[in-house]
Amino acid sequence: MAIEAGFYWVKERKDSRWEVGEFDGVAWNIGPPDGAQLFEIGPRIYEPNSIN
Numbered sequence: 011m012a013i014e015a016g017f018y019w020v021k022e023r024k025d026s027r028w029e030v031g032e033f034d035g036v037a038w039n040i041g042p043p044d045g046a047q048l049f050e051i052g053p054r055i056y057e058p059n060s061i062n
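In this text, residue positions in the sequence shown follow my numbering: the first is 11, and each later residue adds one.
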């Protein structure tokens with residue numbers, strides 16, 4: 011599954027906690043182990059606009 015690069019809430023496994031992870035644009039949904047790293051992707055975390 012292709013995603014836009016940035017920070018997302020992710021789980022590495024179904025039983026793991028949601029944590030912030032950075033992706034380069036490619037991620038995989040949770041599924042049966044096949045040698046690939048498996049992730050569940052939550053909402054993207056946008057950085058707040060800086061005030062200059």
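Even for Gly, the Cβ is constructed at its ideal location relative to N, Cα and C.
- Around the C-beta of Y56, fewer than 16 other C-beta atoms lie within 10 Å, and the residue is accordingly described as exposed.
- Setting aside the 5 residues that flank it on each side, M11 is surrounded in the same chain by A37, W38, N39, each with a C-beta closer than 7 Å to its C-beta; the list follows chain order.
- In the structure shown, F17 falls within a strand segment according to DSSP collapsed to helix, strand and coil.
- Taking a 10 Å sphere around the C-beta of F17, we find fewer than 16 other C-beta atoms and assign the residue as exposed.
- Distance between R23 and F49, taken at the CA atoms: about 6 Å.
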